[in-house]
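Report on one structure; see the data block that follows.
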Amino acid sequence: MRNRRMTARAPLALAVDSDPATLETFGRGLRAEGLRVVTATTGDDALRAAVQQHPNLVLLSTRLSDMSGLEMMRRLRARTPIPVILVSADARTTAATAKSGVLPKRFSARQLADAVEEALGAAAEPPPAAATHVSVEGLDIDLVRRTVRRGGEIAWLTRTEWALLTYLAGHPGQTLTGSEILSNVWGPEYRDDLQYLRVWVSRLRSKLGAHEARMIIRTVRGLGYVFDPTSTREPTPCQSPVHAVRGAQRTLTVG
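Just so you know, we're using the numbering used here here: the sequence shown kicks off at 9 and counts up by one.
Have a look at this one:
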């Protein structure tokens with residue numbers, strides 16, 4: 009066991025398994041390493057907890073009731089860079105597929121300790137720098153000069169639209185819940201007014217150009233929004249339908 013004391017600031021681990029007894033085992037092992045622990049028994053609940061509670065690592069079983077552990081990890085990585093430790097009966101095969109920390113189904117305290125140390129080390133790496141300049145298909149956003157151009161023409165944003173855009177761009181690649189965005193842009197009294205947020209996101213997208221904006225401000229169904237200026241993929245079915253153009257050219261400058 010590492011010399012890490014459990015405190016209110018101790019790293020937070022999300023343990024995921026469909027079996028309560030296994031979750032209890034996971035929790036005991038993680039707490040022995042000085043971590044705080046939250047749990048989930050389904051992939052959907054785990055995704056929600058990951059986005060809302062921002063754990064430092066996820067200890068994930070491949071055995072879930074609503075999806076496979078690998079599918080859960082794929083969805084999680086599309087939303088957040090949280091390190092994942094997979095627990096699998098076939099650790100060799102899973103390791104080759106998952107490219108993640110992997111433990112056998114019957115792991116020792118030492119194996120768990122080593123996996124936790126490696127995961128927390130990965131989590132300590134610097135996060136992606138906030139974007140300061142984004143260009144995509146005729147849309148040019150300069151967050152330093154506070155200018156937006158569409159096809160060379162200035163697109164004027166209101167103070168609120170700028171505040172929303174700046175907050176999203178300050179967390180590149182990170183899925184932000186509606187409550188987080190509302191609390192930070194408008195204040196905690198707005199945290200539950202999700203329809204209000206949808207209206208403002210729609211207005212911002214309209215100013216930026218609906219097609220281009222959906223490429224960089226993506227909706228994550230049931231969770232929130234992600235600002236992803238480096239994504240080259242087309243919008244997914246969870247977003248409003250648009251006629252996306254393949255192979256879009258993008259440039260990103262970071263501070």
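Beta carbons are placed, not taken as given, at the ideal position from N, Cα and C, and that holds for glycine.
- Looking only at V46, A40, G37, F34, the smallest Cα-Cα distance to L20 is reached by V46.
- Taken through DSSP and simplified to helix, strand or coil, E161 comes out as strand.
- Under the three-state reduction of DSSP, H219 is assigned to helix.
- The beta carbons of A58 and L22 sit about 6 angstroms from each other, so the pair counts as a contact at 8 angstroms.
- For Y198, no beta strand (DSSP E) encloses it, and the DSSP letter there is neither H nor E.
- Rounded to the nearest angstrom, the gap between the Cα atoms of G37 and R56 is 23 angstroms.
- Ranked by how close their Cα comes to the Cα of L151, the residues R158, V142, Q61 have V142 in first place.
- If you look at G109, you'll find it in the beta strand (DSSP E) that goes 109-112.
- V124 places its beta carbon less than 8 angstroms from that of L65.
- By the CB criterion at 8 angstroms, W208 and T155 fall outside the cutoff.
- For A48, the closest alpha carbon among the candidates S116, D25, L190, D201 is that of D25.
- The Cβ neighbour count for R206, taken over all protein chains shown within 10 Å, is under 16; the residue is labelled exposed.
- In its chain, beyond the 5 residues on either side, R12, G42, L43, R44 have a beta carbon closer than 8 angstroms to the beta carbon of A18.
- Remark: C-beta atoms of F34 and L72 do not approach each other more closely than 8 angstroms.
- Note on the stretch 37-78: whole alpha helix (DSSP H) runs with a minimum of 4 residues are 51-61, in chain order.
- A29 is classed as exposed because its beta carbon has fewer than 16 other beta carbons within 10 Å across all chains shown.
- I224 has its alpha-carbon roughly 9 angstroms from the corresponding atom of A177.
- In the three-state scheme derived from DSSP, where H, G and I count as helix and E and B as strand, L94 is classed as strand.
- Comparing C-alpha distances from A97 to each of K113, P89, R85 shows the shortest one belongs to K113.
- For Y175, the CB contacts under 7 angstroms within the same chain, skipping 5 residues up- and downstream, are I189, N192, V193 in chain order.
- Ranked by how close their Cα comes to the Cα of G160, the residues A171, T140, D148, L231 have D148 in first place.
- DSSP, reduced to helix, strand and coil, places S143 within a strand of the structure shown.
- In this chain, the alpha helix (DSSP H) harbouring R167 covers 167-177.
- Ranked by how close their Cα comes to the Cα of W170, the residues T140, P196, Y198, R199 have T140 in first place.
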